[in-house]
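Residue numbers (this note's numbering), protein chains in the order written: chain V, 6 to 637; chain F, 17 to 121. This report refers to the structure that appears directly beneath it.
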């Protein structure tokens, strides 16, 4: 029982030590301290995972620790829930978290705020564990807010650059919109069901005590929260901007862990979604639309990290599509494989950026495989995985999602398949432009090209290996597997979604072939265009027509600026000029100037003449005496 | 033999009132800080006299004890006051209160 607390507290300890005494520690100590506390958490997570894996622990651990809130007949506890679902997330958060910590020791080596960086990373891991382990919505919400905060800290880590700190603010503010949805969902559940506890809610839902309109409202509000956190339309704009943070942050927070919290939330509350098919419809459509939309934008981006960011948005869209069609297991499966290959891709791009001293534009790269073979191979493997080439991990998880979508609605399947095709194309556009052909940077950069140190390459190799074999967790029955993950997660998502995979094996094989062929077509197209054809992305400002629109991200940021940010700013400045300056400041200033003006007159009494004071004193005493006598 | 059989209480009251008024007028009319100071002492002792008189009249020694305390505290206060006066004199070469006008707005 106590081990769970240690699991959560270890990163907090790391945060406190690094945060309070970081300036006194050497970089080696603070970096390894930050990494080892996460390794400790990983060890404990592994223990729990193995307990569930071997079956020695079948029932979830559900601890009510202490009361946080009490009013009338409602009481909310701080509580911890360890079950099959949270254990999987624990493994990702601490496992990949540890690798990224180690990577950061190498990557951030020359940064002057080294220990501050590790303090934030540890704090992030702490909040992420809180989010995953909470046994009720309020604890999860606390972690949810905490990871937002850490995301803000880390995106704006190089706060001296104003656009970076603005990106941090954007990430935080857009997430606030989602937090409002989460909060409203909690109010709805508290008011109509009277509990925020996952186990209570599930019991009520399965017992048929939650009316479907309540479930619908709660599910939709929760999805608003999830959509903001997991960067879905219309709240995705913060994620590409969040690439301003250091690359390990992008890998950890904005690819592998925090952005998947939305999926976690929806899967965790799947019993609510099962009661509200309309909400699932919304989730599926938003997910599919996001997948295609972001993949389209990804095709024309030239910043190596921006491409990966849009790819993340697109993949998250696929996961929501899976959730929306009831394939919760497929979504979780894709979360895990995606965490492997996307973390690897981000870390690989970090390795490239590191070698080029901060260059992020793929138009100034090229031919890097000669200098950086390890980075190239790992990047290539992860790209194959994300494109869905068998037998890499992404192939299995993505095909499961596509099959579930096909079964549900052929339109959704078409959109998702198109998104996958685009994904294969832009990923290999990225690979070819970065690692193949000739180097297009400056002479100076070419002289300094080198493979990254082993602290950076070892995490890459491990993640690439996981990206290759990760699919083994869910080999479908078509290929003679038993789909381990589906059985593993069955206790958590037992309801409703059990009907998935009702399509015949031949249909499934056909779908798999189509998806694989689409991926190969995407890659081949990229190969002929960028390697054989030698095409290069256009210089800024040369784009025309549709390409220009897509290059500028469909002007979504500009539209949001025009319809939300600008009016809000105008309203605020009006409120400032009228209410603040005239009313609030006016009242206070008027009072102050009256006091000042009167004081100026009254102070003349203070003449400094002692004789006058004495007379006034005696007269005063006489007056008091007189009044006293008169009152008698 | 009790002194109040010879001198009745109201005489003490009159004396005390007269002393107090002399003190008040001294404070108000004189310009020399030392004289003002002495006048204040006079007012003090008028009150002390009253306390002692009533104390004897009611055969309650509390009033006399009080007077001793007042005298002790007054002695301490006098030394502080005189020290201030000395400082004033050193600065202004005068103890005329009309000269003391710098403590104002």
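Virtual Cβ for every residue (Gly too), placed ideally from N, Cα, C.
Under the three-state DSSP convention, the category residue 95 of chain V falls into:
helix
Decide if residue 587 of chain V is buried, meaning its Cβ has at least 16 other Cβ atoms within 10 Å, or exposed.
exposed
Listed in chain order, which residues of the stretch 613 to 624 of chain V have Cβ atoms closer than 8 Å to some Cβ of chain F?
Cβ contacts with chain F come from 613, 614, 615, 616, 619, 620, 623.
Straight-line Cα distance separating residue 472 of chain V from residue 165 of chain V:
Their Cα atoms are separated by approximately 36 Å.
Below 8 Å on the Cβ atoms is my guess for residue 343 of chain V versus residue 320 of chain V; work out the distance and round it to an integer in Å.
5 Å
Given a cut-off of 8 Å on the beta-carbon distance, is the pair residue 39 of chain F and residue 59 of chain F in contact?
yes
Indicate whether at least one CB of chain F lies closer than 8 Å to the CB of residue 606 of chain V.
no
Hey, would you say residue 231 of chain V sits closer than 8 Å to residue 280 of chain V, going by beta carbons?
One thing to note: residue 231 of chain V has its Cβ no nearer than 8 Å to the Cβ of residue 280 of chain V.
Considering just the uninterrupted stretch of the alpha helix (DSSP H) at residue 408 of chain V, what are its terminal residues?
398 to 413 is the extent of the alpha helix (DSSP H) around residue 408 of chain V.
Any beta carbon of chain F sitting closer than 8 Å to that of residue 611 of chain V?
yes
Within the same chain, show all residues whose beta-carbon is closer than 7 Å to that of residue 501 of chain V, passing over the 5 residues directly before and after it, in chain order.
In this prediction, residue 501 of chain V has a pLDDT of 47, which is less than 50 and means its spatial position is unreliable; what the coordinates show is noted afterwards. Within the same chain, residue 501 of chain V has close Cβ partners 279, 331.
Can you grab the Cα-Cα spacing for the pair residue 120 of chain F / residue 636 of chain V, in whole Å?
When the Cα atoms are used, residue 120 of chain F and residue 636 of chain V turn out to be separated by approximately 36 Å.
What residue from V:60, V:356, V:43 has the CA that sits closest to residue 114 of chain V's CA?
V:356
Distance check for residue 100 of chain V and residue 464 of chain V, CA to CA, integer angstroms please.
11 Å
Inter-stretch contact at 8 Å, needing at least 3 Cβ pairs: the stretch 108 to 118 of chain F / the stretch 35 to 53 of chain F
yes
Element boundaries [alpha helix (DSSP H), containing residue 359 of chain V]
333 to 360
Chain-ordered neighbours of residue 40 of chain F on chain V, where CB pairs are closer than 7 Å:
623
Got a sec? Which residues, its chain only, sit under 8 Å from residue 84 of chain V by beta carbon, not counting five neighbours each side?
67, 68, 69, 70, 139, 140, 141, 144, 202
So which of V:61, V:495, V:277, V:366 has the shortest CA-CA distance to residue 445 of chain V?
V:366
Within this structure, are the beta carbons of residue 40 of chain V and residue 82 of chain V separated by less than 8 Å?
no
Out of curiosity, what's the CA-to-CA distance linking residue 24 of chain F and residue 601 of chain V?
58 Å
Please state the DSSP three-state secondary structure of residue 230 of chain V.
helix
Enumerated in chain order, which unbroken segments of the alpha helix (DSSP H) with a length of 4 residues or greater are wholly contained in the stretch 48 to 113 of chain F?
49 to 73, 78 to 108
Do three or more CB pairs link the stretch 117 to 126 of chain V to the stretch 202 to 214 of chain V at distances below 8 Å?
no
DSSP-derived helix/strand/coil call for residue 66 of chain V
strand
Looking at the unbroken beta strand (DSSP E) that takes in residue 80 of chain V, where does it start and where does it end?
79 to 87
Can you give the Cα-Cα distance for residue 476 of chain V and residue 399 of chain V, rounded to whole angstroms?
7 Å
Determine the burial state of residue 505 of chain V: buried for a count of at least 16 other Cβ atoms within 10 Å of its Cβ, exposed for fewer.
Below a pLDDT of 50, predicted positions are generally treated as unreliable, and residue 505 of chain V, at 49, falls in that range; the measurement from the model is reported next regardless. By the 10 Å Cβ count, residue 505 of chain V comes out buried.
Within this structure, are the beta carbons of residue 246 of chain V and residue 190 of chain V separated by less than 8 Å?
no
Please name the residues in the stretch 102 to 121 of chain F whose beta-carbon is closer than 8 Å to at least one beta-carbon of chain V, in chain order.
Cβ contacts with chain V: 113, 114, 116, 117, 118, 119, 120, 121.
Hey, residue 469 of chain V and residue 386 of chain V: beta-carbon distance below 8 Å or not?
yes
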